[in-house]
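In my numbering, the protein residues as written are 2 to 265.
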């Protein structure tokens, strides 16, 4: 089997819970509207804009790529994350992504009253809390009184394992089950069918897989080059200035990154 044929077979196995298919589907406002109306129990919800693969920068540390960022008509910012593997501390992932999104949306000098409301919705195949619910809302609660208090940040966890018969659960079956489609969610089902069953859709997904793999190879080469430059400067075989020039960085950034890789 040729490499292109193998990629085509891989593309057929993807579902909306997979980052690649979700990325394509999230390009459309109507798809994001349909799923958010279900997840947020708001049939009249409208979205002004959606950005798949939103890059959230952090000049002091780790930047992130959010699976989708949506702006509601109310001004609230929604980050939708999809995750198949239970291989990390996902509550901290949600906390971090929410903080990065808030920071990127807030201009210097903004009064805290004007800091935008942010909601992170975490979609997964697995039930993170193992309480057999398809949907979990995490609230800020005063321990001493039990009162729920708000600060403009909301976190919601949704999964396909908590098959509780709810509308959320039905939608998650479309997200995760290979052959499941549902007329209650016509846009989600239609887009999923397009990318799994039509020639045009499979071609798009195959090209996306190939593009990302090629970018990954290039990124690996660049990382290898940087590691070599850091090593040469550390050993005194190359000056800091020369290393920074070859890495297309400022000397300060080069020094900082080198020290992270090769701590003093």
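Quick reminder that beta carbons are idealized off the backbone N, C-alpha and C, glycines included.
On a predicted model such as this, the values are computed, not experimentally measured, just so you know.
- Query: Can you name, in chain order, every residue of its own chain whose Cβ lies under 7 Å from the Cβ of residue 86, other than the five neighbours on each side?
  - Reply: Result list for residue 86: empty, nothing under 7 Å.
- Task: In angstroms with no decimal places, state the Cα-to-Cα distance between residue 106 and residue 41.
- Result: Between residue 106 and residue 41, the C-alpha separation is close to 22 Å.
- Classify residue 61 as helix, strand or coil using the three-state DSSP reduction. DSSP places residue 61 in coil when its eight states are reduced to three.
- Message: Using the Cβ count rule (16 or more neighbours within 10 Å means buried), how would you classify residue 193?
- Response: When all chains shown are included, residue 193 counts as buried.
- Item | Cβ neighbours of residue 262 in the same chain (closer than 6 Å, five flanking residues each side left out) | The residues are 231.
- Go ahead and label residue 102 buried or exposed: buried means 16 or more other beta carbons lie within 10 angstroms of its beta carbon, across all protein chains shown. Buried: at least 16 other Cβ atoms inside 10 Å.
- Task: Leaving out five residues on either side along the sequence, give the residues of the same chain with a beta carbon under 7 Å from the beta carbon of residue 259.
- Result: Once the five neighbours on either side are set aside, the close Cβ partners of residue 259 are 231, 234 and 235.
- So which of 206, 251 and 30 has the shortest CA-CA distance to residue 47? By alpha-carbon distance to residue 47, the top candidate from 206, 251 and 30 is 30.
- Message: Helix, strand or coil for residue 36? Go by DSSP, reduced to three states.
- Response: DSSP places residue 36 in helix when its eight states are reduced to three.
- Message: Considering just the uninterrupted stretch of the beta strand (DSSP E) at residue 159, what are its terminal residues?
- Response: Residue 159 -> beta strand (DSSP E) spans 154-160.
- Under three-state DSSP, which class holds residue 69? Note: residue 69 maps to strand in three-state DSSP.
- With residue 115 as the anchor, note down where its alpha helix (DSSP H) starts and where it stops. Counting along the chain, residue 115 sits inside no alpha helix (DSSP H), nor does DSSP assign it H or E at all.
- Item | Reference residue 157; option with closest CA among 6, 2, 94 and 199 | When only C-alpha atoms are compared, the closest one is 94.
- Message: As a quick exercise: from 185, 26 and 100, pick the residue whose alpha carbon is nearest that of residue 68.
- Response: That would be 26, whose Cα lies nearest to the Cα of residue 68.
- Message: So within the stretch 176-222, which uninterrupted alpha helix (DSSP H) runs reach at least 4 residues, ignoring any that extend past its ends?
- Response: For the stretch 176-222, whole alpha helix (DSSP H) runs of length 4 or above, ordered along the chain, are 187-198.
- Out of 115, 257, 197 and 160, state which residue places its alpha-carbon closest to the alpha-carbon of residue 152. The shortest Cα separation from residue 152 among 115, 257, 197 and 160 belongs to 115.
- Message: Taking contact to mean 3 or more Cβ pairs, one atom from each stretch, closer than 8 Å, check whether the stretch 199-213 and the stretch 180-190 are in contact.
- Response: Result no; under three Cβ-Cβ pairs closer than 8 Å.
- Counted within 10 angstroms of its Cβ, other Cβ atoms place residue 219 as buried (16 or more) or exposed: Low confidence applies to residue 219: its pLDDT is 48, below 50, so where it sits in the model is not reliable enough to give any reading.
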